[in-house]
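All letters in the sequence shown, in the order written, are residues 798 to 1130 by the working numbering.
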Amino acid sequence: MGAPFPLGKLPADVLARLLAGMRPVDPRVLVGPGIGLDAAVIDMGDSLLVATTDPITFAADSIGWYAVQVNANDIATTGATPHWFMATVLLPESRADVAMAENILAQIHAACVAIGVDLVGGHTEITYGLDRPIVVGAMLGQVRRERWVTPYGARPGDALLLTKGIAVEGTAIMAREQNLGLEVKFLEGCRNFLTQPGISIVRDAAIATDAGRVHAMHDPTEGGLATGLHELAQASSVGLSIEASAVPVYAETQTLCRAMGLDPWGVIASGALLLAVEAADAENIRQALETQGIRAALIGRVTDAANTVLLHDASGTRDLPHFERDEIARLFE
């Protein structure tokens, strides 16, 4: 028996080893399981079926709404449109009641309606050993073959864009912690980051793919932007060169991270979309996003130094740190 893993994703090297012998045998599977891959892609003939699944274990007060958004995000990173959602809702023993179930399912329904998705099934149960509800979502979408953005597509010479900033989702979660000694009005504003600027990147992806040549997209979640960058590099077997000063970090995020002793680069980051785009189209894509009210920044470029992510800041050039677990997990120790 080895040492137990910390909270968060399985270490990337462990997951890669576990998945190595699990290659799909059906030739219609164009994208199967792998590091840095947001969704599976299956060839259905005239169109491609895109499928993803993600659990929500934080933010219990908005958990149903949240589950729809993060799963839709993964679909959007392929250039696809999300269409169908399923949810497994696990409720805690001794606490589950009609009000809790109604609230979660109402959130799921409202979130689906808001983005034009149908709730098509799922499962509900009261589960032994839980102290809070958990929702595991699964989203399906479709994309025309010519509109598909492959997760392997980042190319040396591409420009790297980031929408919104880091870390939208983490800011909302941190603001739900107690005894921070910060003003109530400030914390309320941070909690509202879930909807403004918002954790959905569905519009971001649609605008970007309409405005220019997008070669790869990734939705940085657990482990923050740093983990998202490493995952993109690994998925496409490329290197990344990042300018630290160009990466937008919300002032609210900085304040909360300082109060809690967390590094914003490793804080769960849904809400930001990472894009590798044709360098000649980068400014057109950035302007198209800005015109639609979505902040976008050029943060670096793709290189041919496979699986290498370099960070340039005032102190020089160094390897971008790895976060073995999300910084938010430290709040639950």
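All C-beta atoms, glycine included, are put in the ideal place defined by N, C-alpha and C. On a predicted model such as this, the values are computed, not experimentally measured, just so you know.
Any idea what DSSP makes of residue i, helix, strand or coil?
i: His1119; result: coil
i: Thr850; result: strand
i: Pro889; result: strand
i: Thr947; result: coil
i: Met819; result: coil
i: Phe1166; result: This structure cannot speak to residue 1166, because the chain is shown only from 798 to 1130.
i: Ala972; result: coil
i: Thr960; result: strand
i: Arg897; result: The displayed chain sequence assigns Met, not Arg, to residue 897. The answer is helix: DSSP assigns Met897 an H, G or I state.
i: Ser1042; result: helix
i: Val1064; result: coil
i: Glu1080; result: helix
i: Thr921; result: strand
I think residue i touches residue j, with their Cβ atoms under 8 Å apart; what is that distance to the nearest whole Å?
i: Val1035; j: Val1099; result: 5 Å
i: Leu958; j: Arg1083; result: 6 Å
i: Ile931; j: Leu887; result: 4 Å
i: Ala908; j: Gln939; result: The pair is not a contact, with the Cβ atoms about 19 Å apart (cut-off 8 Å).
i: Gly799; j: Lys961; result: In fact, because the Cβ distance is near 38 Å, the residues do not count as touching under 8 Å.
i: Val828; j: Trp881; result: Wrong, their Cβ atoms sit about 18 Å apart, outside the cutoff.
Can you tell me which of the options puts its alpha carbon nearest to the alpha carbon of residue i?
i: Ala817; options: Ile1096, Glu985, Ile832 and Val1074; result: Ile832
i: Leu937; options: Gly1090, Thr1114, Asp835 and Thr1052; result: Asp835
i: Val1064; options: Ile996, Asn1081, Ala1030 and Thr1050; result: Thr1050
i: Gly967; options: Arg1092, Ala956 and Pro1017; result: Pro1017
i: Ala1066; options: Glu899, Glu1080, Asp894 and Gly995; result: Gly995
i: Tyr1047; options: Ala896, Asp1060 and Ile1039; result: Asp1060
i: Thr947; options: Asp871, Ser997 and Ile1091; result: Asp871
i: Ala1085; options: His920, Arg1010 and Gly950; result: Arg1010
i: Leu845; options: Trp945, Gly1025, Val914 and Gly1058; result: Trp945
i: Leu804; options: Thr854, Gln993, Pro879 and His920; result: Thr854
i: Ala1077; options: Gly1025, Ala1056, Val914 and Ala1008; result: Ala1008
i: Leu1037; options: Ala1102, Arg988, Ala1093 and Val1044; result: Ala1102
Could you give the distance in angstroms between the alpha-carbon of residue i and the alpha-carbon of residue j?
i: Ile912; j: Ala1111; result: 42 Å
i: Glu1131; j: Val910; result: The first residue shown for the chain is 798 and the last is 1130, placing residue 1131 beyond what the model contains.
i: Cys1054; j: Pro824; result: 46 Å
i: Ala893; j: Val981; result: 29 Å
i: Arg1127; j: Gly954; result: 37 Å
i: Gly978; j: Ala972; result: 11 Å
i: Met897; j: Pro830; result: 34 Å
i: Ala951; j: Glu899; result: 43 Å
i: Thr924; j: Val838; result: 32 Å
i: Leu812; j: Lys806; result: 9 Å
i: Pro879; j: Gly1090; result: 22 Å
i: Pro801; j: Pro808; result: 12 Å
i: Ala1043; j: Glu1075; result: 19 Å
With 8 Å as the threshold, decide whether the Cβ of residue i is near any Cβ in chain C.
i: Asp871; result: The question asks about chain C, but that chain is absent: this structure has only one protein chain.
Three or more C-beta pairs closer than 8 Å, one from the region 872 to 885 and one from the region 993 to 1008: is that the case here?
yes
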